[in-house]
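**Student:** Handing you a structure now.
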Amino acid sequence: LAKSEVFYCKNVPLPQRNMISSTLGVTKDLGSGKYLGIPSLIGRSRRSVFGYIRDRVWKKIQIWNGKNLSRAGKEVLIKSFLQPILSYCMSAFLLPESIGD
28 LAKSEVFYCK
38 NVPLPQRNMI
48 SSTLGVTKDL
58 GSGKYLGIPS
68 LIGRSRRSVF
78 GYIRDRVWKK
88 IQIWNGKNLS
98 RAGKEVLIKS
108 FLQPILSYCM
118 SAFLLPESIG
128 D
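If you count by our numbering, then the sequence shown holds residues 28 to 128, one letter each, in order.
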């Protein structure tokens with residue numbers, strides 16, 4: 028529960044927020060946490076958040092190209108690093124069409 032966060036809409040009164048947070052045993056501040064490199068709270072600017080992921084993936088690929096890895100080695104790296112991040116992003120969020128550009 029140390030990494031768990033709760034997001035409240037602005038209509039929830041502060042006493043209820045405190046009661047719910049203490050009952051669940053989670054922190055109240057949302058937005059500071061990350062899961063698989065993605066902020067917990069995306070907001071309106073999805074392009075910048077997911078653009079960061081695209082850039083991060085591209086940098087990893089460039090680093091791997093500098094190393095003399097076999098095709099099997101690259102496949103293992105892709106499956107262990109890239110696939111979980113991309114699968115999570117695509118299952119949890121509606122990605123902007125511009126992310127592929």
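In this text, a Cβ means the ideal position worked out from N, Cα and C, and glycines have one as well.
Out of V84, S118, N95, G93, point me to the one whose CA is closest to S107's CA.
**Tutor:** Here residue 107 refers to the residue found at position 80 of the sequence shown. Among V84, S118, N95, G93, the Cα nearest to that of S107 belongs to V84.
**Student:** Counting C-beta neighbours from all protein chains within 10 Å, is the total for I80 16 or more, i.e. buried, or is it exposed?
**Tutor:** Counting from 1 along the sequence shown, the entry for residue 80 is found at position 53. With 16 or more Cβ atoms within 10 Å of its Cβ, I80 is classed as buried.
**Student:** Using only alpha-carbon positions, find the residue among F34, V39, P42, G100 that is nearest to V53.
**Tutor:** Here residue 53 refers to the residue found at position 26 when the sequence shown is read from its first residue. The shortest C-alpha separation from V53 is found at F34.
**Student:** With P42 as the anchor, note down where its alpha helix (DSSP H) starts and where it stops.
**Tutor:** Here residue 42 refers to the residue found at position 15 when the sequence shown is read from its first residue. Taken as a continuous stretch (DSSP letters only), the alpha helix (DSSP H) holding P42 covers 41-51.
**Student:** Count the other C-beta atoms from every protein chain shown that fall within 10 angstroms of the C-beta of V76, then say buried if there are 16 or more, exposed otherwise.
**Tutor:** Numbered from its first residue, the sequence shown carries residue 76 at position 49. Answer is buried; the Cβ neighbour count reaches 16.
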